[in-house]
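A.B. asks: Before we start, here is the structure in question, set down as structure tokens.
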Amino acid sequence: MKSKMGKQLLRENVAGYLFILPNLLGVAVFIVLPLVFSFFLIFTDWDYLKGLAGLSFAGASNIAKMWGDEYLIAALKNNFLFTMLTVPASMAVGLTIAVILNQYVYLKSLLRTLFFLPYVSSLVVISIVWSVLYNPSKGPINGFLRTLGIEHPPGWLTSPDWALIAIIILVAWTYIGYTLVLYMAGLQGISKDLFEASAIDGANKLLQFWKITIPMLKPTSFLIAITLIISTFQVFAVVNVMTHGGPLNSTMVISYHIYLQAFQYYKMGYAAALSWLLFIIIFIVTLIQWRGQKKWQQHF
1 MKSKMGKQLL RENVAGYLFI LPNLLGVAVF IVLPLVFSFF LIFTDWDYLK
51 GLAGLSFAGA SNIAKMWGDE YLIAALKNNF LFTMLTVPAS MAVGLTIAVI
101 LNQYVYLKSL LRTLFFLPYV SSLVVISIVW SVLYNPSKGP INGFLRTLGI
151 EHPPGWLTSP DWALIAIIIL VAWTYIGYTL VLYMAGLQGI SKDLFEASAI
201 DGANKLLQFW KITIPMLKPT SFLIAITLII STFQVFAVVN VMTHGGPLNS
251 TMVISYHIYL QAFQYYKMGY AAALSWLLFI IIFIVTLIQW RGQKKWQQHF
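Under full-length UniProt numbering, the first residue of the sequence shown is numbered 1, with each subsequent residue one higher.
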């Protein structure tokens, strides 16, 4: 009896493993092996145009090279500034619009879809359109500023002082739809009884928002913050299309620096080292947020 049960259990286990085998193979081929290979590349100097003949051992030189890389320092500064401005701005605007749409607004579904469209649209296409909008001489943005009496509007993509701000505005605009949809889903889960009870106690709309809406949306806000931080550290297409890291490295970010090292200078070893640095940064930021979530929740 036990033997039959054991054989049946074995068959079930084998069948289960066979069902997940395609997924396991996909993970192994497209995730695990590239990770292992990229870690191996850190200790090499490889010009991939020469094939395996261009592969040579370089020790820890690629890691040491990062300490004196001025482009990397500029990219790190720009990335952190980009993240610190883009994430709060898109979350604040998305939450505000979500609260408004969550009220009795006509065409709620249509408006939600319209706000979400930029997030699911091609960033390359969006970047090209915004490049036209940002045109210093014929762009509608500067044209509007001139009608307001500003004789010398900023060169959005040509000025080192404004280029990063221009990209932040664009990316934050695309993220608004993402934050809006998630916040609206979170708002649907808040019981109306809480607002009715607080209204009886004399709480106004602002107090209800601060004492009920914000605390109840903490899990949603945490999810949005994590995903947006990861996304902002991986921003690439906008920079590649609009500024190429310039002017004067004012929009140089880590992902674009990795791209240049790998596909313009053919330094795959150094590009792999930079990629792992980016992974470590994202991992540390995520870990800090996970650890700080409980303390953050205690403040409400």
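Glycine included, every Cβ here is placed at the ideal spot set by N, Cα and C. A quick note: this is a predicted structure, and the numbers were derived from the prediction, not measured.
Answer with buried or exposed for S109, where buried requires no fewer than 16 other C-beta atoms within 10 angstroms of its C-beta.
C.D. replies: By 1-based counting over the sequence shown, the position of residue 109 is 109. S109 is exposed by the Cβ-count criterion.
A.B. asks: Quick one: what's got a C-beta closer than 6 Å to D47's C-beta in the same chain, skipping five residues either side?
C.D. replies: Taking the sequence shown and counting its residues from 1, the one referred to as residue 47 is at position 47. So the qualifying residues of the chain are G54 and Y266.
A.B. asks: Just how far apart, CA to CA, sit L207 and A199?
C.D. replies: Position 207 of the sequence shown holds residue 207. Position 199 of the sequence shown holds residue 199. In this structure, the CA atom of L207 is about 10 Å from the CA atom of A199.
A.B. asks: Going by beta carbon distance, what residues of the same chain come within less than 6 Å of Y178, once the five residues before and after it are set aside?
C.D. replies: To locate residue 178, count along the sequence shown from 1; it is residue 178. Cβ neighbours of Y178 beyond the five flanking positions: Y119.
A.B. asks: In its own chain, which residues sit with a C-beta less than 7 Å from the C-beta of Q234, not counting the 5 before and 5 after it?
C.D. replies: The count along the sequence shown starts at 1 and reaches residue 234 at position 234. The residues are S255.
A.B. asks: For my contact list, M216 and N102 are in at a C-beta cut-off of 8 Å; report their separation, rounded to the angstrom.
C.D. replies: Mapped onto the sequence shown, residue 216 falls at position 216. Mapped onto the sequence shown, residue 102 falls at position 102. With 8 Å as the limit, M216 and N102 do not qualify as a contact, their Cβ atoms being about 12 Å apart.
A.B. asks: For T232, which of K138, A262, L145 and L164 has the nearest alpha-carbon?
C.D. replies: Start at 1 with the first residue of the sequence shown, and residue 232 comes out as number 232. Among K138, A262, L145 and L164, the Cα nearest to that of T232 belongs to L164.
A.B. asks: Compare the beta carbon distance of I176 and V93 with 8 Å and say whether it is the shorter of the two.
C.D. replies: Counting from one through the sequence shown, the residue named residue 176 turns up at place 176. Counting from one through the sequence shown, the residue named residue 93 turns up at place 93. Closer than 8 Å, so yes.
A.B. asks: Quick one: Cα of F300 to Cα of L287, how far?
C.D. replies: Here residue 300 is taken as the residue at index 300 of the sequence shown, counted from 1. Here residue 287 is taken as the residue at index 287 of the sequence shown, counted from 1. Because the pLDDT of F300 is 48, which lies under 50, any placement of that residue in the model is unreliable, and the question is left without a value.
A.B. asks: Determine, using beta-carbon pairs with one atom in the stretch 145-162 and one in the stretch 59-78, whether at least three such pairs fall under 8 Å.
C.D. replies: no
A.B. asks: Out of curiosity, what's the CA-to-CA distance linking V87 and F43?
C.D. replies: On the sequence shown, position 87 is the one that residue 87 refers to. On the sequence shown, position 43 is the one that residue 43 refers to. Taking the straight line from one Cα to the other gives about 35 Å.
A.B. asks: What's the C-alpha gap between I128 and S38?
C.D. replies: Counting from one through the sequence shown, the residue named residue 128 turns up at place 128. Counting from one through the sequence shown, the residue named residue 38 turns up at place 38. Between I128 and S38, the C-alpha separation is close to 32 Å.
A.B. asks: Check each candidate in L107, I212, M252 and I167 and name the one with the smallest Cα separation from G189.
C.D. replies: Residue 189 sits at position 189 when you count from the first residue of the sequence shown. Considering only alpha carbons, the answer is I212.
A.B. asks: May I ask you to report which of helix, strand or coil DSSP gives D45?
C.D. replies: Taking the sequence shown and counting its residues from 1, one reaches residue 45 at position 45. Here D45 sits in strand by DSSP.
A.B. asks: Between F236 and A15, what straight-line distance do the alpha-carbon atoms span, to the nearest angstrom?
C.D. replies: Translated into positions along the sequence shown, residue 236 becomes position 236. Translated into positions along the sequence shown, residue 15 becomes position 15. Their backbone Cα atoms lie some 42 Å apart in a straight line.
A.B. asks: Ordered along the chain, which non-local residues of its own chain (more than five positions away) have a Cβ less than 6 Å from that of T174?
C.D. replies: What you label residue 174 is simply residue 174 of the sequence shown in a count that begins at 1. Result list for T174: P118 and Y119, in chain order.
A.B. asks: With a floor of 3 residues, list each beta strand (DSSP E) that falls wholly inside the stretch 30-104, ordered by position along the chain.
C.D. replies: 44-46 and 55-57
A.B. asks: Please list the terminal residues of the continuous alpha helix (DSSP H) segment that includes M184.
C.D. replies: Counted from its first residue, the sequence shown places residue 184 at position 184. A163 to Q188 is the span of the alpha helix (DSSP H), which, as asked, contains M184.
A.B. asks: Evaluate M242 with the Cβ neighbour count: other Cβ atoms within 10 Å of its Cβ, from every protein chain shown; 16 or more gives buried, anything less gives exposed.
C.D. replies: In the sequence shown, residue 242 corresponds to position 242, counting from 1. Classification for M242: buried.
A.B. asks: Take Y71 as the anchor and find which of S250, V29, M268 and L133 has the nearest alpha-carbon.
C.D. replies: Your numbering for residue 71 matches position 71 in the sequence shown. Looking at the Cα atoms, S250 is the closest of the given residues.
A.B. asks: Compute the distance between the beta-carbons of P136 and W156, then report whether it is under 8 Å.
C.D. replies: Counting from one through the sequence shown, the residue named residue 136 turns up at place 136. Counting from one through the sequence shown, the residue named residue 156 turns up at place 156. For P136 and W156, yes; Cβs fall inside 8 Å.
A.B. asks: Nearest to A75 by CA position, among K192, S121, P34 and I258, is which residue?
C.D. replies: Residue numbering aside, residue 75 sits at position 75 when the sequence shown is read from its first letter. When each option's Cα is compared against that of A75, the closest is I258.
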